[in-house]
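Everything on this sheet refers to the single structure shown next.
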Amino acid sequence: MSTRRTRKRLLGAVAMLMVAGLVSAGCGSRVGASGPGGASAGSCADTSGNSVKIGFLNSLSGTMAISEKTVHDSLLLAAEQINTRGGVLGKQLNVVSEDGASEPTIFAEKAGKLISSDCVAAVFGGWTSASRKAMLPVFEGANSLLFYPVQYEGLEASPNIFYTGATTNQQIVPALDYLKQKGVKSLFLVGSDYVFPRTANKEIKAYAKANGIEIKGEEYAPLGHTDFATIVNKVKGAGAAAVFNTLNGDSNVAFFKEYRNAGLTPAAMPVVSVSIAEEEIGGIGLDNVVGQLTAWNYYQTIDSPTNAAFVQAFKGKYGQNRVTSDPMEAAYTSLFLWKAMVEKANSFKTDDIRKAADGVSYDAPEGTVTVNGANHHIAKTALIGKVGPDALIHADWSSGAPIQPDPFLKSYDWAKGLTG
Amino acid sequence: MQALFSQLVAGLSLGSILLLAALGLALTFGQMGVINMAHGEFIMAGAYTAFVVQGVIADAGISLLLAIPLGFLVGGLMGVILEATLIRRMYYRPLDTLLVTWGVSLILQQVARDIFGAPNVDVRAPGWLSGSIDLGITQVPAARLFILVLAAAAVIGLSLVLKMTPLGRRIRGVVQNRDLAETVGISTRSADRLTFFIGSGLAGIAGVALTLLGSTGPTLGTSYIVDAFLVVVAGGIGQIKGAVIAAFGLGLLQATFEYSTTASIAKVMVFVVIVVFLQIRPQGIFSVRTRSLA
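For the record, the sequence lines run as chains A and B.
Position 230 of the first sequence, counting from 1, maps to 230 under the numbering used here, and the rest follow consecutively.
Position 173 of the second sequence, counting from 1, maps to 1173 under the numbering used here, and the rest follow consecutively.
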């Protein structure tokens, strides 16, 4: 009797879960569907008054909150600064924040909500490539704009997205150039098992083949992998000159602790990372990463008046113990770039902004950046940095001038035949 | 040959980590039948305990040794509070417990995020636990050796408590036949609460140990909860020795598969092995024979 009752209850609960799933899926598809039909949805933004709404869409909960919360903080700082300096075209910015909850489907759903029910003029946010790929059709369908602030794997150029982080030829290629210059003849590739590291490693292997660098091994760990004993054993056994690390998230902590415990040092076998910034060093433990290399376009230690003002403003708003990092700076810059585009176009309309975008530049904390109107990426300077004993990253090498974005690596001979 | 030994060490070490994470669960899920999804967050609480203790006592060695009993206490107290407020009301309703404790786990993650901030925090390892110990044939990271010893101590301690003390006899009595135990005058309520205290406390110890190897952040527990359940289910409900064998078995399997294939494939292969194993032996490696009808 009692078992029958529990089974009934179990079935009931499962049915309830399924219904809930269907309902939310229904909502999701409705949002997607309203896109193409509602071309007006993109222009429902009300810009007649003395304020204009913009949307911030970052994960404030879930596994990605650790990184995306910092981007949200710097976006809020940028909005505050723009407002105190008179707004955009004289209009104050009215921020609507939404939580993407580390789920690509929720990103798509919330993007739809921001566009068609909050009627925002533009959306800023996203972090993982999965979240960007989920939002892309929503923005293209509604002909609205997304500003995406994180370095990524390239091979994309949507007319409705502006990419203010680095594409591969502004981060990974310079890192490889640097290693080659240092005489590195062999590499071991370690990455998380998803689209960014796999695509990045494909490019690294093509580069290595053309430049006589031997790839001694290639290992992927599932996202959230916590035990790196085996992978570090393989790295140690292979004896490469350096390790190229595209791990993402918490895995970096476990990897670097294991790496150090296994007796591997930055002097003997340096690790170049593309996902570790100032923010992550505290969590990994300074002792475990000091002396290791990173590839970015911005470091807190950049010595310029613009950066000093940015760092000071950020610490003033959020506390002296906070640090600034590349994605935060790219997000901060994205809001100012949007402002400059709107002011150049003298309009908040997507089509006008797109037309005005080419050549818009901004004196950002990382240096002067310029929008490329053809592929919606921005020209940035690449910096290879070394983690210092002060837990900050210090640039060891610079590309000197901003590198033109080339998301499809068309200008590189070795990259011919690469596809996403 | 050296690779073989270093993989053997990696497997044993992974097994000891799984064992530490699963030992408390073997008690609460295995013995009491409570599916506690918040077990992972007790692990997280233990890890943050280590962080807080290190904030007070700067010496990494002393603070680590002190954090172990404190982590046990923090995890245990959280477990007792959860038992007294929620789980007590839903014994014999496993599905409801699963949903409710999952909700609790999400709440606890957010609480940790609000108290300690979203980024990971750093718990420094003491000098004597960084680096490797040379065994001639292979090198063993000192931190992993420490965890292996700690896991062994936890298993021995738990078995002694369950076998030798009146308290342990009461717990075992309640597990084997709740009605009969109640009839002979054992307070099943207090036995339940004690079991939960010990089980959750062991999660706290696991959390302290894990700071030596991985990240200390709000989502620390979610990385271990599934593996911990796998160990308990494969080991057989209600048996500590089952959990021990299952933990080391899974650890060695994962290390072996991972060495010959990749980390992702190894994970899949381990799952396949467990599924096949449970088809053949649904009750796990060991099972308790009881006369109760449950």
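The beta carbon of each residue, even a glycine, is placed where N, CA and C say it ideally should be.
Bear in mind that the values here come from a model prediction, so they are computed numbers and not experimental data.
Nearest-angstrom Cα separation, counted from residue j out to residue i
i: residue 227 of chain A; j: residue 349 of chain A; result: 49 Å
i: residue 263 of chain A; j: residue 1226 of chain B; result: 31 Å
i: residue 1057 of chain B; j: residue 1125 of chain B; result: 13 Å
i: residue 1237 of chain B; j: residue 1284 of chain B; result: 7 Å
i: residue 1208 of chain B; j: residue 1198 of chain B; result: 15 Å
i: residue 224 of chain A; j: residue 1215 of chain B; result: 10 Å
i: residue 1130 of chain B; j: residue 1051 of chain B; result: 17 Å
i: residue 49 of chain A; j: residue 127 of chain A; result: 32 Å
i: residue 28 of chain A; j: residue 137 of chain A; result: Per-residue confidence for residue 28 of chain A stands at a pLDDT of 36, beneath the threshold of 50, marking its modelled position as unreliable; no derived number is given.
i: residue 1003 of chain B; j: residue 1141 of chain B; result: 15 Å
i: residue 10 of chain A; j: residue 1167 of chain B; result: Caution applies to residue 10 of chain A, whose pLDDT of 47 falls short of 50 and renders its modelled position unreliable; the value that the coordinates give is listed next. Taking the straight line joining both Cα atoms gives about 35 Å.
i: residue 1258 of chain B; j: residue 179 of chain A; result: 29 Å
i: residue 132 of chain A; j: residue 206 of chain A; result: 26 Å
i: residue 1098 of chain B; j: residue 300 of chain A; result: 45 Å
i: residue 293 of chain A; j: residue 90 of chain A; result: 44 Å
i: residue 1134 of chain B; j: residue 261 of chain A; result: 12 Å
i: residue 285 of chain A; j: residue 1118 of chain B; result: 16 Å
i: residue 1136 of chain B; j: residue 1145 of chain B; result: 15 Å
i: residue 288 of chain A; j: residue 296 of chain A; result: 20 Å
i: residue 58 of chain A; j: residue 75 of chain A; result: 10 Å
i: residue 1108 of chain B; j: residue 1262 of chain B; result: 33 Å
i: residue 1183 of chain B; j: residue 1095 of chain B; result: 28 Å
i: residue 401 of chain A; j: residue 1217 of chain B; result: 38 Å
i: residue 384 of chain A; j: residue 1122 of chain B; result: 25 Å
i: residue 158 of chain A; j: residue 380 of chain A; result: 19 Å
i: residue 176 of chain A; j: residue 329 of chain A; result: 23 Å
Residue i in three-state terms, based on DSSP
i: residue 325 of chain A; result: coil
i: residue 1049 of chain B; result: helix
i: residue 124 of chain A; result: strand
i: residue 406 of chain A; result: coil
i: residue 159 of chain A; result: coil
i: residue 50 of chain A; result: coil
i: residue 1059 of chain B; result: coil
i: residue 458 of chain A; result: Because chain A in this structure spans residues 1 to 420, residue 458 of chain A falls outside the shown range and cannot be described.
i: residue 246 of chain A; result: strand
i: residue 390 of chain A; result: coil
i: residue 1228 of chain B; result: helix
i: residue 1284 of chain B; result: coil
i: residue 66 of chain A; result: helix
i: residue 355 of chain A; result: helix
i: residue 90 of chain A; result: coil
i: residue 347 of chain A; result: coil
i: residue 1035 of chain B; result: coil
i: residue 153 of chain A; result: coil
i: residue 1216 of chain B; result: strand
i: residue 376 of chain A; result: coil
Beta carbon proximity, residue i to chain D, threshold 8 Å
i: residue 1163 of chain B; result: You won't find chain D in this structure, because its protein chains are A and B.
For the region 1130-1147 of chain B, enumerate the residues whose C-beta is nearer than 8 Å to any C-beta of chain A, in chain order.
So the close ones are 1130, 1131, 1132, 1139, 1141, 1142, 1143 and 1144.
What residues in the region 132-150 of chain A have a beta carbon less than 7 Å from any beta carbon of chain B?
none
Note down, one range per segment and in chain order, each beta strand (DSSP E) of at least 3 residues found wholly within the region 256-303 of chain A.
Every beta strand (DSSP E) of 3 residues or more that sits fully in the region 256-303 of chain A is shown, in chain order, as 271-273 and 293-296.
Name, going along the chain, the residues of the region 1112-1127 of chain B whose beta-carbon falls closer than 9 Å to a beta-carbon of chain A.
1113, 1117, 1118, 1119, 1120, 1121, 1122, 1123, 1124 and 1125
Three or more beta-carbon pairs under 8 Å between the region 1139-1157 of chain B and the region 1010-1019 of chain B, yes or no?
yes
Quick one: any contact between the region 229-248 of chain A and the region 268-278 of chain A, if contact means 3 or more CB pairs under 8 Å?
yes
Listed in chain order, which residues of the region 1040-1063 of chain B have Cβ atoms closer than 8 Å to some Cβ of chain A?
none
Which ranges would you report for the alpha helix (DSSP H) in the region 1121-1193 of chain B if only whole runs of at least 4 residues count?
Listed in chain order, the complete alpha helix (DSSP H) runs (minimum 4 residues) inside the region 1121-1193 of chain B are 1142-1164, 1166-1176 and 1178-1183.
Continuous alpha helix (DSSP H) assignments of at least 4 residues falling wholly in the region 1062-1127 of chain B
1094-1116
Output, in sequence order along the chain, the residues in the region 233-266 of chain A whose CB is closer than 9 Å to any CB in chain B.
Against chain B - using a Cβ distance shorter than 9 Å - the residues of the region 233-266 of chain A are 233, 234, 236, 237, 249, 250, 251, 252, 253, 254, 257, 258, 260, 261, 262 and 263.
Tell me the start and end of each unbroken alpha helix (DSSP H) in the region 180-236 of chain A that is at least 4 residues and wholly inside, in chain order.
Taking 4 residues as the minimum length, the alpha helix (DSSP H) runs contained wholly in the region 180-236 of chain A are 195-211, in order along the chain.
With 9 Å as the C-beta to C-beta threshold (strictly closer), list the residues of the region 1201-1216 of chain B near chain A in chain order.
1210, 1212, 1213, 1214, 1215 and 1216
Name the residues in the region 1009-1029 of chain B whose C-beta lies less than 8 Å from a C-beta of chain A; which are they?
1009, 1010, 1013, 1014 and 1017
Counting only Cβ-Cβ distances shorter than 9 Å, please list the residues of the region 1228-1250 of chain B near chain A, keeping chain order.
Of all residues in the region 1228-1250 of chain B, none has a Cβ within less than 9 Å of some Cβ in chain A.
Taking any Cβ of chain B, which residues in the region 210-227 of chain A have a Cβ under 7 Å from it, in chain order?
Per Cβ criterion, the list reads 219, 220, 221, 222, 224, 225, 226 and 227.
Taking a Cβ distance cut-off of 8 Å, strictly less, list which residues of the region 356-368 of chain A are near chain B, in chain order.
none
Does the count of Cβ pairs from the region 95-102 of chain A and the region 152-172 of chain A closer than 8 Å reach three?
no
Any contact between the region 1021-1041 of chain B and the region 1241-1253 of chain B? By contact I mean 3 or more CB pairs, one from each, below 8 Å.
yes
Residues of the region 66-78 of chain A with a CB closer than 9 Å to any CB of chain B: list them in chain order, please.
Listed by position, the residues of the region 66-78 of chain A near chain B (Cβ gap below 9 Å) are 66, 67, 68, 69 and 70.
Inter-stretch contact at 8 Å, needing at least 3 Cβ pairs: the region 181-201 of chain A / the region 212-221 of chain A
yes
Near-chain B residues of the region 272-291 of chain A - C-beta to any C-beta below 8 Å:
279, 280, 282, 283, 284, 285, 286 and 287
Three or more C-beta pairs below 8 Å linking the region 351-364 of chain A and the region 147-155 of chain A
no
Should the region 1029-1047 of chain B be called in touch with the region 1070-1081 of chain B, which here means at least 3 C-beta pairs below 8 Å?
yes
With three or more C-beta pairs closer than 8 Å as the rule, is the region 396-412 of chain A touching the region 367-378 of chain A?
Yes, they touch.
For the region 177-208 of chain A, list every residue whose C-beta sits within 7 Å of some C-beta in chain B, in sequence order.
193
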